[in-house]
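Mapping the sequence shown onto numbering that gives the first Met the number 0, position 18 (from 1) lands on 17, and the numbers just tick up by one. Built from N, CA and C at the ideal position, the CB exists for glycine as well.
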Amino acid sequence: MNCIVCGSMTSSGVAPWHTTCRYCDYESAALAPRINDLASHAQLNERDRETALRALRVENFQAIVEEAIHFAQPGARSMLDVGCAHGWFLEAARGHFVVLGIEPDAALSEHALAKGLPVRAGYFPDALEEGECFDIIVFNDVIEHIPDIHAALAACRERLAPEGLLILNLPSSRGFFYKVASLLARLGMRGPFERLWQKGLPSPHVHYFNHRNLSRLVSKNGFFPVHFFELPALRVRGLMERLRFTGQSNRAILWAQYVAIVCAIPVLSMFPSDAVVCMFRKR
Ligand SMILES: [Zn+2]
C-alpha cells in the first residue's frame, strides 16, 4: 500500500490491521465503519458518553471558536460543522457565526435537532444543497474517520468561499497517550492502542496524523497552513464523570484515580498533547 501523504510504500504496524509510513510517520488502519449499525451501536451508552465528555469538549470548542474568530477573513459569517454529533460545537459558535451542522448518525442528528440546532442528517458534502458555500468549515474529531480523505478535502475546497478557513481538530500521533499506547502494543498489550483507534466502535479511526504530515497532505489539496495549536486531552472539570464512564464503581478507587490524574495534569502538559487543531486557508 502507498502512503496517502508522501506516496512511499507503507510498512506493517503493531497490529494486523495497522500500517505506518516510515518516511512521513502517517499511520492508517483497515477498520470498517458501521455507522447506524444497531449491533455496534448497542455497545455504546450514548447518554453516559455525552456526560463523560461534555465538559472537556465544551472548553476545547470555546478555544477553537476564539481562534476561528481571530483567523477568519474580516466579515466571515457562515460556518459548517461536519459531523456535529450532539451539536456542542454549534452551541459554542452560534453566538459568533451563522452555523449549520451535518451529522450522519440518525440518532445523534435527531437529538441535536430536538435541541433546536440547525442540523441536517447525512454525509458531507451530499447533505448540502447545490452551490451552498461557507466562510469556515470545521471537522471536530471527524477527518480521521473518513476513508477517502482526498475527496473530502476536494469537497472542502469546492464548498469554501475564496480564502475560506478549514479547521481540523483531530488526534495526534505525537501525543503522549498515543506514544504510550503504541509502546504497550509493541510489548503485546494492544488494549489501549485499539481503544485510541476506536476499534470495534461504530466509526473507528482510519488515519492517524501529526500536524506535519497533515499539513503536507492538506497543502497538496489547494490549502496553506495558517495556525496550529494543541488542546489539553485532560481537564479537571468533568474528570470524575469520565472516570465513572470507565465502569469503575468503587468510590475509593475512583477518588484515588481522580487525585492521581489531577496531580499528573501539570506533568502531562509538558509532553505533546493527543489533541491538535490545524487551520488552513484556501489557496
Ligand atoms: Zn508517508
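Check                                                                                                   : Outcome
Buried or exposed (CB count within 10 angstroms, at least 16 for buried), residue 204                   : buried
Any non-hydrogen atom of ligand 1 within 7 Å of residue 4 CB                                            : yes
Helix, strand or coil at residue 159 [DSSP, three-state]                                                : strand
CB-CB length for residue 268 against residue 224, believed under 8 Å                                    : Rounded, the Cβ-Cβ distance is 24 Å, inconsistent with contact.
Per-residue DSSP class, three states only, for residue 239                                              : helix
Inter-residue spacing [alpha-carbon to alpha-carbon] between residue 277 and residue 173                : 14 Å
When 180, 263, 281 and 171 are compared against residue 221, the one with the closest alpha-carbon      : 281
Rounded straight-line distance, which links the Cα of residue 156 to that of residue 257                : 44 Å
Residue 248 burial status per 10 Å Cβ neighbour count (16 or more: buried)                              : exposed
Three CB pairs or more closer than 8 Å across the segment 238-248 and the segment 170-186               : no
Buried versus exposed, by CB contacts within 10 Å (16 or more), residue 193                             : buried
Burial state of residue 143, where buried means 16 or more other Cβ atoms lie within 10 Å               : buried
Continuous alpha helix (DSSP H) assignments of at least 4 residues falling wholly in the segment 51-133 : 87-92 and 105-113
Close Cβ partners of residue 87 (< 8 Å) along its chain, the five nearest in sequence each way excluded : 53, 56, 57 and 60
Residue 27: first and last residue of the uninterrupted beta strand (DSSP E) it sits in                 : 26-28
Where residue 262 sits in the DSSP three-state scheme                                                   : helix
Among 77, 81, 0 and 101, the one whose alpha carbon lies nearest that of residue 95                     : 77
Residue 257 CB to nearest heavy atom of ligand 1 below 7 Å                                              : no
Nearest residue (CA-CA) to residue 19, options 32, 119, 1 and 33                                        : 1
Anticipated Cβ contact below 8 Å, residue 71 with residue 164, distance rounded                         : 5 Å
Between the CA atoms of residue 255 and residue 147 - distance to the nearest angstrom                  : 43 Å
At least three beta-carbon pairs within less than 8 Å, the segment 117-134 to the segment 180-198       : no
Burial state of residue 125 (16 or more Cβ within 10 Å)                                                 : exposed
CB-CB length for residue 138 against residue 167, believed under 8 Å                                    : 5 Å
Where residue 177 sits in the DSSP three-state scheme                                                   : helix
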